[in-house]
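Shown next, in structure tokens, is the structure this report addresses.
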Amino acid sequence: MAGAMEDNQMQILGMGYAHPDVVIDNQFIEDLNVGTNAEWIIDKIGIEKRLGSIPLEYIKQTRNADPRKAAEVATTDPLELAITACRMALKRANVDPSKIGLLICNCCTPDKTLPTEGQRIAHELGITADAYEVFTACPAFALHLDYLNRFKELPEYVLCVSTAVLTQNVNYNDRSDGAIWGDGAAAWIISKQHPGRLKVIDTFFMSDPTRCDAVVVDTYGHFHQDGRAVRDFSVRQTVRLVRNIEEKYAIDWNKDIFIGHQANATMLEQITNNRSIPASNHWQNVREIGNQAGAGAPAALAMHWDEIQAGQRIIVAVVGAGLSWGSAVLEAQL
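Per our numbering, residue 30 is the first one in the sequence shown, and the count goes up by one each step.
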């Protein structure tokens, strides 16, 4: 294990990710004949394929008309994805599950109400510490970091995880929603007592409950949202978050990294163009995986874990359901 720290700042010691293996490409969606085509999808949302958890043949036959039945045919579930992501994070952090003193979970598509997904994940990993939900859907990474940053003291190691299978709530007769979503999980290990690859130097989270109906994941029905309003809000709010960070810190987009909420690629392109962020310093995964809700941004970071360079600052800005938004500034110290 790494030695003790002196400044008591939060550190990220390891990160992991997981995705299912069903590939939903644009040609498949075009062949559903719901009023869209591959060219429109690329032009409007910039996603080339998604990784989902329900078989293609089932989507063809049913268009997922009854989301309650999707779990019966699914190739994986939020728990399995979360376990895979957590094990990768634990391995990268060189931390045994028995050392975890707290687990917090974000899951907008839970398999059960009780026990919670966090409790089920802890049980599967052999973690005996407290496990509970800290939940906001898409901006989970910012929420978890900001939530933990408010504690004067934390257990030696904290495991955070976000997992979701939104494809199981998608109406595949909807040409927009069916083209957006993928499934995935991400996990990260936090400590205030041990140094890690990333120091957390700034966190922020806020929500506006008066607009909570703008994005809905119905427990027994289909996902739905006020798409145009949410898109416009998300772009504007992310630009504000990034601009505020640029003003507060000496961000150099020639070496520092931006990661946004993986909603769709054209939105991210609007944001990076506005802030003059070069493509080489914009880490994303939405083009190949789809929108993975709260797992998207941390999964993008976890997928680039071995590319992080000492001295880099990584700016994560995420927006989503609630409506809620947040950010984190991380500093690499290899």
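Ideal Cβ positions, reconstructed from N, Cα and C, are used throughout, including at glycine.
Legend entry - Pairwise C-alpha distance: Thr-113 and Asn-123: Taking the first residue of the sequence shown as position 1, residue 123 is located at position 94. Taking the first residue of the sequence shown as position 1, residue 113 is located at position 84. Rounded to the nearest angstrom, the two C-alpha atoms are 15 Å apart.
Legend entry - In DSSP terms, what Met-44 is bridged to: Taking the sequence shown and counting its residues from 1, one reaches residue 44 at position 15. In the DSSP output, where bridge partners are listed per residue, Met-44 has Trp-217.
Inset, instruction - Give the straight-line distance between the Cα atoms of Gly-256 and Arg-269, rounded to the nearest whole angstrom. - result: Position 227 of the sequence shown, counted from the first residue, corresponds to residue 256. Position 240 of the sequence shown, counted from the first residue, corresponds to residue 269. If you take the alpha carbons of Gly-256 and Arg-269, they lie about 20 Å apart.
Inset, instruction - Look up Thr-295 in the DSSP assignment and say whether it is helix, strand or coil. - result: Reading the sequence shown from its first residue, position 266 is the one you call residue 295. Three-state DSSP puts Thr-295 in a helix.
Inset, instruction - Output yes or no for whether 9 Å exceeds the beta carbon distance between Leu-80 and Gly-319. - result: Here residue 80 is taken as the residue at index 51 of the sequence shown, counted from 1. Here residue 319 is taken as the residue at index 290 of the sequence shown, counted from 1. For Leu-80 and Gly-319, yes; Cβs fall inside 9 Å.
Legend entry - For Thr-192, three-class secondary structure by DSSP: Counting from one through the sequence shown, the residue named residue 192 turns up at place 163. In the structure shown, Thr-192 sits in a strand (DSSP, three-state: E or B).
Inset, instruction - Report all residues from its chain with a CB closer than 8 Å to the CB of Ile-280; omit the five preceding and five following residues, and keep chain order. - result: By 1-based counting over the sequence shown, the position of residue 280 is 251. Excluding residues up to 5 positions away in sequence, Ile-274, Arg-342, Ile-344 lie with their Cβ nearer than 8 Å to the Cβ of Ile-280 in the same chain.
Inset, instruction - Inspect the beta-carbon positions of Leu-131 and Leu-172 and report whether they are closer than 9 Å. - result: Locating residue 131 in the sequence shown gives position 102, counting from the first residue. Locating residue 172 in the sequence shown gives position 143, counting from the first residue. Their beta carbons are not under 9 Å apart, which means Leu-131 does not touch Leu-172 by this criterion.
Legend entry - Any C-beta of chain D under 9 Å from that of Asp-281: The question asks about chain D, but that chain is absent: this structure has only one protein chain.
Legend entry - Cut-off 6 Å between Cβ atoms - residues of its own chain near Ala-216, not counting five sequence neighbours on either side: Translated into positions along the sequence shown, residue 216 becomes position 187. Same-chain partners within the cutoff: Gly-45, Ala-114, Cys-115, Ala-118, Val-190.
Legend entry - Short Cβ contact (9 Å threshold) for Ala-166 with Ala-47: Position 137 of the sequence shown holds residue 166. Position 18 of the sequence shown holds residue 47. No, they are not a contact pair.
Inset, instruction - Name the two residues that bound the continuous alpha helix (DSSP H) containing Thr-157. - result: The sequence position of residue 157 within the sequence shown is 128, counting from 1. Here Thr-157 belongs to no alpha helix (DSSP H), and DSSP marks it neither H nor E.
Legend entry - Nearest-angstrom Cα separation, counted from Thr-248 out to Pro-84: Translated into positions along the sequence shown, residue 84 becomes position 55. Translated into positions along the sequence shown, residue 248 becomes position 219. Thr-248 has its alpha-carbon roughly 21 Å from the corresponding atom of Pro-84.
Legend entry - the region 195-212 / the region 90-98 touching (three or more Cβ pairs under 8 Å): yes
Inset, instruction - With DSSP as the reference, label Thr-138 as helix, strand or coil. - result: Counting from 1 along the sequence shown, the entry for residue 138 is found at position 109. Looking at Thr-138 - three-state DSSP - the assignment turns out to be coil, as it is neither helix nor strand.
Inset, instruction - Compare the Cα-Cα distances from Thr-138 to each of Asp-212, Tyr-201, Lys-120, His-333 and report the closest residue. - result: Translated into positions along the sequence shown, residue 138 becomes position 109. Closest by alpha carbon: Asp-212.
Legend entry - Given Asp-203 as reference, the closest of Ile-218, Asp-242, Arg-149, His-251 once Cα atoms are compared: For the purposes of this step, residue 203 is identified with residue 174 of the sequence shown, where counting begins at 1. Closest option to Asp-203, Cα to Cα, is His-251.
Legend entry - For Ala-214, the nearest candidate out of Ala-208, Asp-231, Asp-106, Leu-174 (CA to CA): In the sequence shown, residue 214 corresponds to position 185, counting from 1. The residue with the shortest Cα to Cα distance from Ala-214 is Asp-106.
Legend entry - Nonlocal neighbours in the same chain, by C-beta distance under 7 Å from Ile-58, ignoring five residues either side: The residue labelled residue 58 in the question sits at position 29 within the sequence shown. Around Ile-58: Thr-65, Ile-70, Gly-207, Ala-208.
Legend entry - Nearest candidate by alpha-carbon position, reference Gly-349, set Lys-98, Cys-241, Ile-218: Reading the sequence shown from its first residue, position 320 is the one you call residue 349. Checked all of Lys-98, Cys-241, Ile-218; the closest Cα to Gly-349 is Cys-241.
Legend entry - Among Leu-108, Pro-327, Ser-305, Thr-145, the one whose alpha carbon lies nearest that of Val-315: Here residue 315 is taken as the residue at index 286 of the sequence shown, counted from 1. Comparing Cα positions, the closest option is Pro-327.
Inset, instruction - Would you list the residues sitting across from Asn-273 in a DSSP beta bridge? - result: Stepping through the sequence shown from its first residue, residue 273 is reached at position 244. Partner(s): none; Asn-273 has no beta bridge.
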